[in-house]
């Protein structure tokens, strides 16, 4: 297992999460990943660091789009290499369509 091959250590859903960030002209760059990795006391799994940064940004955009906060929603956020998940109010965000449909369902009117 390579701890340094980011795509190898990411969920298959990560591509969709990156597409969501691209919609906002947002992305995670290598320097951000390395900054966190350098502070790690154990051998870091870069894919986990990367996915954590991506999902935090996806959630931030979700909150902006819906007018909701983390306290208003049921969030399940789990990062563990290929077994990484983002579930918002029981909606597993696996695709860009899932994201936008979840926004439509949870937007404050």
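Residue numbers (this note's numbering): 24 to 132.
Beta carbons: idealized from backbone N, C-alpha and C, even for Gly.
The model shown is predicted, which means the values in this text are computed figures rather than measured ones.
Measure the alpha-carbon distance for residue i versus residue j and round it to whole angstroms.
| i | j | result |
| --- | --- | --- |
| residue 77 | residue 41 | 7 Å |
| residue 111 | residue 96 | 7 Å |
| residue 43 | residue 75 | 15 Å |
| residue 72 | residue 109 | 15 Å |
Output the boundary residues of the alpha helix (DSSP H) element that contains residue i.
| i | result |
| --- | --- |
| residue 119 | 119–129 |
| residue 73 | 69–89 |
| residue 43 | 37–46 |
| residue 29 | Residue 29 -> no alpha helix (DSSP H), and no H or E assigned at all. |
Using a Cβ-Cβ cut-off of 7 Å (strictly less than) and excluding sequence neighbours within five positions of residue i, which residues of its own chain qualify?
| i | result |
| --- | --- |
| residue 118 | 39 |
| residue 89 | 126, 129, 130, 131 |
Hey, quick one: how far does the beta strand (DSSP E) through residue i stretch, first residue to last?
| i | result |
| --- | --- |
| residue 110 | 108–111 |
| residue 98 | 98–101 |
Under the rule that 16 or more other beta-carbon atoms within 10 Å means buried, what is residue i, buried or exposed?
| i | result |
| --- | --- |
| residue 85 | buried |
| residue 105 | exposed |
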